[in-house]
Amino acid sequence: MTEDLSPAERYAAARIRAAEEATALAPFRAMYEFELDPFQIEACQSLEAGKGVLVAAPTGSGKTIVGEFAVHLALQQGRKCFYTTPIKALSNQKYTDLAKRYGPEKVGLLTGDNSVNSEAPVVVMTTEVLRNMLYAGSQSLLGLGYVVMDEVHYLSDRFRGAVWEEVIIHLPESVTLVSLSATVSNAEEFGDWLDTVRGDTDVIVSEERPVPLWQHVMAGRRMYDLFEEETDHGGRGPGRREVNPELARLARMENQRTYNPKDRRRGKMVREADRERERRQRTRIWTPGRPEVIERLDAEGLLPAITFIFSRAACEAAVQQCMYAGLRLNNDEARARVREIVEERTSAIPSEDLHVLGYYEWLEGLERGIAAHHAGMLPTFKEVVEELFVRGLVKAVFATETLALGINMPARSVVLEKLVKWNGEQHADITPGEYTQLTGRAGRRGIDVEGHAVVLWQRGMDPVGLAGLAGTRTYPLRSSFKPSYNMAVNLVQQFGRHRSRELLETSFAQFQADKSVVGISRQVQKNEEGLEGYREGMTCHLGDFEEYARLRRDLKDRETELAKQGAAQRRAAAATSLEKLKPGDVIHVPTGKFAGLALVLDPGIPAGRSNGHRGFEHHDGPRPLVLTAERQVKRLASMDFPVPVEPLERMRIPKSFNPRSPQSRRDLASALRTKAGHIEPERHRRQRAAAADDREIARLRTELRAHPCHGCDEREDHARWAERYHRLQRDTRQLERRIEGRTNTIARTFDRIVALLTELDYLRADEVTEHGKRLARLYGELDLLASECLRDGVWEGLSPAELAACVSALVYEARQSDDAVAPKVPTGKAKAALGEMVHIWGRLDALEEEFKINQAEGVGQREPDLGFAWAAHQWASDRTLDEVLREAEMPAGDFVRWTKQVIDVLGQIAAAAPREGSTVAKNARRAVDALLRGVVAYSSVG
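This is the structure we're talking about:
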């Protein structure tokens with residue numbers, strides 16, 4: 000080809016090659032066996048030019064190459080590079096990769112509970128660790144040239160997202176930031192903000208998957224393509240994608256009703272023939288079982304596969320089902336290799352713990368090439384599954400969605416059992432962003448020609464809706480940034496109040512809020528034009544109709560107010576009647592899900608004693624714990640009692656009664672039905688409505704009748720225009736309040752936090768007090784509660800195990816609340832200290848309400864959860880793993896994770912506690928030593 004060029008063109012090409020070879024990118028590209036993609040080259044060139052970069056690209060596209068180039072540049076320039084990730088497992092993986100490439104002497108690791116070569120020029124860490132270093136003014140920041148923020152889209156996470164913005168805002172100006180994100184639809188907006196706070200930042204967006212993705216639906220014995228045409232590889236080909244008509248036909252067939260009332264008028268033979276035809280059609284449609292799915296994928300050459308199931312128990316059950324079905328995906332040679340790797344990786348685990356951890360059942364699944372992967376597993380077990388999957392020795396993994404968060408486990412196929420998951424509050428449809436994240440695992444770069452996403456057919460499935468999920472490739476990045484108590488004292492300590500306020504105004508949250516104000520302002524202008532038209536429509540020739548409409552509204556508002564007062568009085572009467580209940584009272588629950596006969600087990604009166612609701616006090620009136628006639632033990636709420644309740648009968652509750660025992664509940668419920676099943680509850684008589692005797696209502700009705708507009712023939716027409724006018728005026732005022740509210744929102748929240756901290760003597764103007772300096776060292780959701788406990792000496796004199804139990808209440812949060820039984824807590828000093836912690840939280844909660852600090856908005860202190868106190872106490876008291884897990888009724892992985900979080904906070908408390916005249920610091924360190932043993936100590940690098 001060069002022979003065709005003129006001498007001048009050959010000279011120009013040679014100069015370009017020489018210039019490229021002189022860059023840092025040339026030797027970096029030579030380190031890889033494959034050619035870099037255009038978006039990777041563009042981002043690396045921007046970095047070498049001294050600019051920051053935001054790279055938004057699909058999962059598996061190789062974004063981390065750009066982060067690795069930042070590492071390469073830092074080492075070449077003799078500067079430091081910090082590589083941050085959102086989770087420890089990702090940090091461990093990246094540390095291993097970089098140590099292999101650059102040597103372990105040049106790479107370090109810092110996570111919440113681990114430190115390896117922390118002064119190395121390249122350090123991999125979780126984002127929280129970097130945030131804490133910035134606030135502490137760590138010496139490790141000297142010489143820092145680059146920071147890579149992997150999975151930066153985490154800043155939309157409502158629990159941890161603020162940390163990413165804190166780091167971006169507070170990094171020194173001299174540091175070049177490399178932000179790596181999943182494909183988001185507002186990358187340019189995020190890039191504009193980065194440009195504002197970090198300086199020159201290039202935004203590089205790639206929406207092209209490195210491996211084409213095919214979408215399928217598996218129904219019965221067939222696997223159908225989701226889209227009709229064959230030219231479009233996951234959205235990369237030309238033309239509009241149409242839903243496969245066969246799938247649409249299946250959906251219509253399944254949705255046909257099995258019974259039609261008109262059938263009664265037809266002959267019996269005709270009806271039976273119809274049903275038989277329908278049965279034959281329906282035999283084509285069913286949801287295939289898990290072993291059947293894996294066998295089908297194996298037959299089609301689509302393994303290895305990850306099947307996402309949004310339940311830990313279901314992941315374990317899936318492995319068992321495949322084993323019972325006799326599924327074997329490995330030959331003898333692979334089985335032997337699996338056993339060798341597993342035994343090597345788990346050699347540190349004491350043999351007495353192996354049975355407790357379900358080791359042998361887990362190993363049998365691995366040898367067959369089948370495994371589960373979820374947060375309830377021991378970290379060591381999860382890492383072994385990841386390693387075997389990448390090596391091709393495990394071919395079918397059943398996982399929860401946590402696996403999709405950045406772990407390097409690509410597969411040929413991804414299977415989604417359902418398109419609905421539990422989000423912590425309710426079952427909700429997965430979003431397009433979640434679908435993209437999950438299916439992004441399909442297709443291994445450099446191995447597979449194409450990836451496959453398979454959705455299992457479910458009753459009521461809408462293929463068009465699924466196509467919408469699969470076709471929407473992006474989702475917007477929304478800031479979840481909120482100031483916290485720890486953030487406030489650290490900012491004031493470093494910058495003073497005024498400068499801190501200005502810094503918070505530069506957050507992405509405020510940037511997005513300010514941009515949204517423009518659209519709201521336009522809507523206000525449109526509304527004002529509409530109000531003019533409505534005003535004309537309600538004009539009446541007899542008088543001022545606006546005044547008449549106001550009288551009508553006042554009358555309606557007064558009637559509503561009286562109705563609310565009546566309801567409040569009935570609730571108060573009901574609450575009073577609940578306070579009189581005693582254990583053994585038989586009552587009739589008037590309404591709600593558990594309406595009917597019930598036996599009071601515990602009246603649930605707020606008298607500062609344990610009640611099973613994650614704490615020691617009720618804050619919303621009595622909440623009786625009852626046994627229903629249907630054998631259910633439930634904690635009822637005030638809404639179940641709209642009217643007062645009276646005991647119908649009395650019963651003795653056996654001392655042996657155990658609310659967790661089905662037999663015990665069955666026997667007592669049977670006795671309840673025998674004793675009181677025949678008693679009819681008294682009907683509550685409704686009282687005369689207060690509106691009938693209200694003077695204000697009488698006055699308004701008189702004025703209304705006397706008004707000139709009352710006699711207008713077109714009165715109701717005018718009234719409809721007046722109602723529209725009023726509604727639009729109300730909406731306009733709300734929009735104006737939103738404009739007012741969105742301007743300086745973050746700063747106003749900061750002001751309220753500062754005011755509360757000043758009240759508690761953590762701050763005095765720009766001065767941070769000794770109490771404030773202690774709070775600055777405490778990071779976590781309950782930072783202020785921990786600081787107040789140290790201040791009040793709540794933990795003084797506690798043993799290490801008792802202190803561990805108390806600290807667990809600061810970190811633990813139950814996955815699902817269990818109102819039926821109070822959490823088991825250690826007795827003695829620990830119980831008293833936990834009770835005092837809940838009391839302090841109640842005081843802080845009241846203060847937050849006074850200062851308008853709203854927990855619902857993600858600011859403030861949640862109630863401490865005592866559900867892990869017993870497990871932490873027993874483990875720190877040297878009990879065996881078998882005993883602790885059996886009593887805690889908790890998976891090993893959850894136990895290890897919560898224990899490590901307790902260890903992390905104990906370390907913070909040891910650093911923050913007073914040095915003189917206090918036992919807390921010493922006992923916190925001893926508690927860490929007591930907890931860091933067995934399964935907790937041998938859980939991998941991270």
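The sequence shown lines up with residues 0 to 941 when you count with numbering that gives the first Met the number 0. Even glycine gets a Cβ: it sits at the ideal position worked out from N, Cα and C.
Tell me which residue opens and which closes the alpha helix (DSSP H) that residue i is part of.
i, result
"Gly-470", "462-470"
"Phe-27", "24-29"
"Gln-319", "311-323"
"His-354", "350-355"
"Leu-503", "484-503"
"Ala-668", "661-675"
"Ile-944", "Any answer about residue 944 is impossible in this case: the structure gives the chain only from 0 up to 941."
"Met-836", "828-849"
"Arg-344", "331-344"
"Arg-861", "No alpha helix (DSSP H) holds Arg-861; DSSP gives it neither H nor E."
Hey, quick one: how far does the beta strand (DSSP E) through residue i stretch, first residue to last?
i, result
"Ala-181", "Taken as a continuous stretch (DSSP letters only), Ala-181 belongs to no beta strand (DSSP E), as it is neither H nor E."
"Lys-899", "Not the beta strand (DSSP E): Lys-899 falls in the alpha helix (DSSP H), residues 891-911."
"Met-537", "Where Met-537 is concerned, there is no enclosing beta strand (DSSP E), given that its DSSP letter is neither H nor E."
"Leu-108", "106-110"
"Tyr-153", "No beta strand (DSSP E) contains Tyr-153, which DSSP labels as neither H nor E."
"Arg-221", "221-224"
"Leu-455", "450-455"
"Phe-380", "Not the beta strand (DSSP E): Phe-380 falls in the alpha helix (DSSP H), residues 378-389."
"Arg-932", "Per DSSP, Arg-932 belongs to no beta strand (DSSP E) and is neither H nor E."
"Met-124", "121-125"
"Trp-213", "212-218"
"Thr-399", "From DSSP, Thr-399 is part of no beta strand (DSSP E); its letter is neither H nor E."
Taking the alpha carbon of residue i as the reference point, which residue from the options has its own alpha carbon closest?
i, options, result
"Glu-315", "Ala-566, Pro-890 and Glu-915", "Pro-890"
"Gly-603", "His-838, Leu-246 and Val-625", "Val-625"
"Pro-661", "Arg-630, Asp-730 and Ala-808", "Arg-630"
"Ala-831", "Trp-192, Leu-802, Phe-850 and Lys-851", "Leu-802"
"Arg-444", "Gly-916, Arg-723, Tyr-484 and Glu-32", "Glu-32"
"Glu-653", "Pro-643, Glu-645, Val-642 and Asp-666", "As written in the sequence, residue 653 is Pro, which differs from the Glu given in the question. Out of Pro-643, Glu-645, Val-642 and Asp-666, Asp-666 has the C-alpha closest to the C-alpha of Pro-653."
"Ala-912", "Arg-78, Trp-794 and Leu-755", "Trp-794"
"Ala-466", "Val-453, Arg-327 and Val-337", "Val-453"
"Glu-888", "Ala-668, Gly-866 and Lys-899", "Gly-866"
"Ala-298", "Leu-328, Trp-285, Thr-286 and Phe-309", "Leu-328"
"Tyr-484", "Glu-882, Ile-696 and Phe-749", "Phe-749"
"Glu-187", "Arg-197, Ala-181 and Val-202", "Val-202"
"Arg-723", "Glu-527, Thr-879, Glu-735 and Ser-917", "Glu-527"
"Tyr-153", "Thr-182, Leu-170, Ala-135 and Glu-847", "Thr-182"
"Pro-942", "Arg-440, Ala-441, Tyr-358 and Leu-418", "Any property of residue 942 remains undetermined from this structure, which presents the chain solely from 0 to 941."
"Arg-569", "Gly-529, Gln-509, Pro-623 and Val-644", "Val-644"
Just to check my reading of the structure: residue i and residue j have Cβ atoms closer than 8 Å, yes? What is that Cβ distance to the nearest angstrom?
i, j, result
"Phe-640", "Leu-577", "6 Å"
"Val-127", "Val-162", "First, the amino acid is wrong: residue 127 is Glu here, not Val. Right, the Cβ-Cβ distance comes to about 6 Å (below 8 Å), so this counts as a contact."
"Trp-361", "Phe-380", "6 Å"
"Ala-487", "Val-753", "6 Å"
"Thr-110", "Ser-90", "5 Å"
"Leu-774", "Pro-863", "Not confirmed; about 17 Å, so no contact."
"Leu-931", "Ile-902", "6 Å"
"Ala-628", "Leu-596", "4 Å"
"Trp-720", "Tyr-533", "6 Å"
"Ala-374", "Arg-896", "7 Å"
- [ ] Would you mind listing the alpha helix (DSSP H) stretches within the segment 45-102 that are 4+ residues and don't spill past its ends, in chain order?
- [x] 63-76 and 87-101
Task: Complete alpha helix (DSSP H) runs within the segment 541-622 (minimum length 4 residues, chain order) - done: 544-578
Open item on the list: Check whether the segment 146-160 and the segment 101-120 touch, using three or more Cβ-Cβ pairs below 8 Å as the test.
Closed with: no
- [ ] Starting from the N-terminal side, write out each stretch of the alpha helix (DSSP H) that is 4 residues or longer and does not extend beyond the segment 723-779.
- [x] 744-758 and 769-774
Open item on the list: For the segment 643-655 against the segment 571-589, do three or more pairs of beta-carbon atoms, one drawn from each stretch, fall closer than 8 Å, so that the two count as touching?
Closed with: yes
Task: Inter-stretch contact (C-beta, 8 Å, three-pair minimum) for the segment 214-225 and the segment 239-249 - done: yes
TODO: Could you tell me whether the segment 301-320 touches the segment 285-292, using the rule of 3 or more Cβ pairs below 8 Å?
DONE: yes
TODO: Taking 8 Å as the threshold, find out whether the segment 63-70 comes into contact with the segment 165-185 through three or more Cβ pairs.
DONE: yes
Task: the segment 588-595 in contact with the segment 536-551 per 3-pair CB rule at 8 Å - done: no
- [ ] Could you tell me whether the segment 188-195 touches the segment 40-50, using the rule of 3 or more Cβ pairs below 8 Å?
- [x] no
Open item on the list: I'd like to know if the segment 761-780 and the segment 832-842 are in contact, where contact means that at least 3 CB-CB pairs between them fall below 8 Å.
Closed with: no
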